[in-house]
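Read the structure below first, then the notes.
In our numbering, the protein residues as written are 1 to 39.
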């Protein structure tokens, strides 16, 4: 039971960090190569 609570408290933090890094990476790619989506 304690392991499940530990997982439930760690998973949202890791997913938030991961999605934040992914969004920042996509924003930087679109800033450097603005026409990459129009091929």
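Beta carbons: idealized from backbone N, C-alpha and C, even for Gly.
Taking the continuous alpha helix (DSSP H) assigned at residue i, which residues delimit it?
i          : result
residue 19 : 2-32
Taking the alpha-carbon positions, what's the residue i to residue j distance?
i          : j          : result
residue 12 : residue 2  : 17 angstroms
residue 34 : residue 24 : 14 angstroms
residue 20 : residue 7  : 20 angstroms
residue 14 : residue 22 : 12 angstroms
State yes or no: is the beta carbon of residue i nearer than 7 angstroms to at least one beta carbon in chain C?
i          : result
residue 20 : In the structure shown, chain C cannot be found, because there is only a single protein chain.
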